[in-house]
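What follows is a set of notes on a single structure, which appears directly below.
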Amino acid sequence: MSNSKFNCHLGMQIFGSDPSCAYYLKNLIEALFKCTTCLLTNIKDFTARPDIADDCFLLASRCIRYCPQVFIPSAVFPSLVDCSMIGVTVQHREASNSILTFLSDIFDLAKSSMGEQYLTIRDSVIIPRGASITRILVASLTGALPSSRLETVTYALLALTRAYGASALEWARESVSLIPSTVVTEVDQTKIFQALTDAASGVDIKTLMGAVEELSDVCRRNRTVQEIVQGALRPLELNLVTVS
């Protein structure tokens, strides 16, 4: 598996933009990712096989950057998004970072070579899952992942918000409002929401990071509070969209 993925990494860089190679790359990508998603069906699988998850989502990010025209329209793209939602809270640092980077790359698709052409396909996959993805990211910020990963998670949430604007802000509002007011007051909720709104419009990203750190500290202040927050956000209850 690892050798195949290494070869595929090289293939992406060398042949990703070559139309004559699209058919072969598509077959290779679909075979590798179908195999991998079958191995990673729940969070326990990610915990047991973090190296496979890390390799898988590193490769998926390469696909987005080098050959979105092959990867985004493929049958495995929705399955990989669902797979990422299952595994994003894995405690293994490299695997979690690879998954978060993959999600950020999807949200930043317009920045990749030829990516803008495939935004409609991307949106058809992400929008039905947007509320769940946002809830998982908020859960990650508030205790599902170690605080050392706050910056990576925050960027993913910011990229999502920049890509989906008002819809993503509403997803964020809904997610944060799930946290009991005994833990996060309405004033604190408004503060994080306003910081996200400002950062998405390019005003001040530093303010967002400060607001996220404050929210994270409040929600992690002791084990009982952390359990209450994670029980409210339920990051492992995914409400996945059925993939045909």
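Here the sequence shown stands for residues 86 to 329, where the numbers follow this note's numbering. Don't be surprised by glycine CBs; every beta carbon is placed ideally from N, CA and C.
Helix, strand or coil, according to DSSP, for residue i in the structure here?
| i | result |
| --- | --- |
| Leu323 | coil |
| Ser286 | coil |
| Ala138 | helix |
| Val155 | helix |
| Thr126 | coil |
| Ser197 | coil |
| Gln315 | helix |
| Val310 | helix |
| Ile264 | coil |
| Leu188 | helix |
| Ser117 | The amino acid at residue 117 is misidentified as Ser; the sequence shows Leu. Reduced to three states, the DSSP call for Leu117 is helix. |
| Leu144 | helix |
| Thr205 | helix |
| Thr219 | helix |
| Ala160 | coil |
| Leu28 | The requested residue 28 is not part of the displayed model; the chain covers only 86 to 329. |
| Thr174 | coil |
Give the single residue among the options whose Cα lies nearest to the Cα of residue i.
| i | options | result |
| --- | --- | --- |
| Arg178 | Leu318, Pro135 and Cys152 | Pro135 |
| Arg319 | Val155, Asn112, Met170 and Cys123 | Met170 |
| Ser146 | Leu124, Phe192 and Ile128 | Phe192 |
| Ser217 | Ala257, Lys119, Arg234 and Ile149 | Ala257 |
| Gln311 | Ala284, Gly287 and Pro265 | Pro265 |
| Ser331 | Arg220, Arg306 and Phe142 | Coverage of the chain is limited to positions 86 through 329, which leaves residue 331 absent and any answer about it impossible. |
| Asn112 | Val155, Thr121 and Leu125 | Val155 |
| Ile137 | Tyr109, Ser181 and Met294 | Ser181 |
| Ala251 | Leu235, Pro231 and Ala285 | Ala285 |
| Asp283 | Gly316, Thr270, Arg247 and Ile206 | Arg247 |
| Ala296 | Glu236, Ala317, Leu245 and Gly316 | Glu236 |
| Asp190 | Leu143, Gly316 and Leu125 | Leu143 |
| Tyr109 | Leu323, Ser159 and Leu125 | Ser159 |
| Ser208 | Leu281, Val166, Leu185 and Ala241 | One detail in the question is off: residue 208 reads as Asp in this sequence, not Ser. Comparing Cα-Cα distances from Asp208 to each of Leu281, Val166, Leu185 and Ala241, the minimum goes to Val166. |
| Thr126 | Asp289, Leu245 and Cys168 | Cys168 |
For residue i and residue j, what's the separation of their Cα atoms in angstroms?
| i | j | result |
| --- | --- | --- |
| Val268 | Ile114 | 45 Å |
| Ser197 | Tyr151 | 8 Å |
| Gly172 | Leu194 | 21 Å |
| Ile157 | Ile149 | 7 Å |
| Cys123 | Val223 | 27 Å |
| Asp139 | Val272 | 38 Å |
| Cys141 | Val175 | 14 Å |
| Lys276 | Ser164 | 35 Å |
| Lys291 | Glu299 | 13 Å |
| Gln202 | Arg308 | 46 Å |
| Leu321 | Ile128 | 8 Å |
| Thr270 | Cys120 | 45 Å |
| Leu188 | Ile211 | 10 Å |
| Leu323 | Gly287 | 30 Å |
| Thr205 | Leu254 | 20 Å |
For the putative contact between residue i and residue j, defined by C-beta atoms under 8 Å, what is the C-beta separation to the nearest angstrom?
| i | j | result |
| --- | --- | --- |
| Ser301 | Leu226 | 6 Å |
| Val161 | Phe118 | 4 Å |
| Glu228 | Val314 | Correcting the residue type first, residue 228 is Gly in the shown sequence and not Glu. Rounded, the Cβ-Cβ distance is 6 Å, consistent with contact. |
| Gln274 | Ser262 | 6 Å |
| Met294 | Thr239 | 6 Å |
| Ser232 | Arg305 | 7 Å |
| Ala241 | Leu185 | 5 Å |
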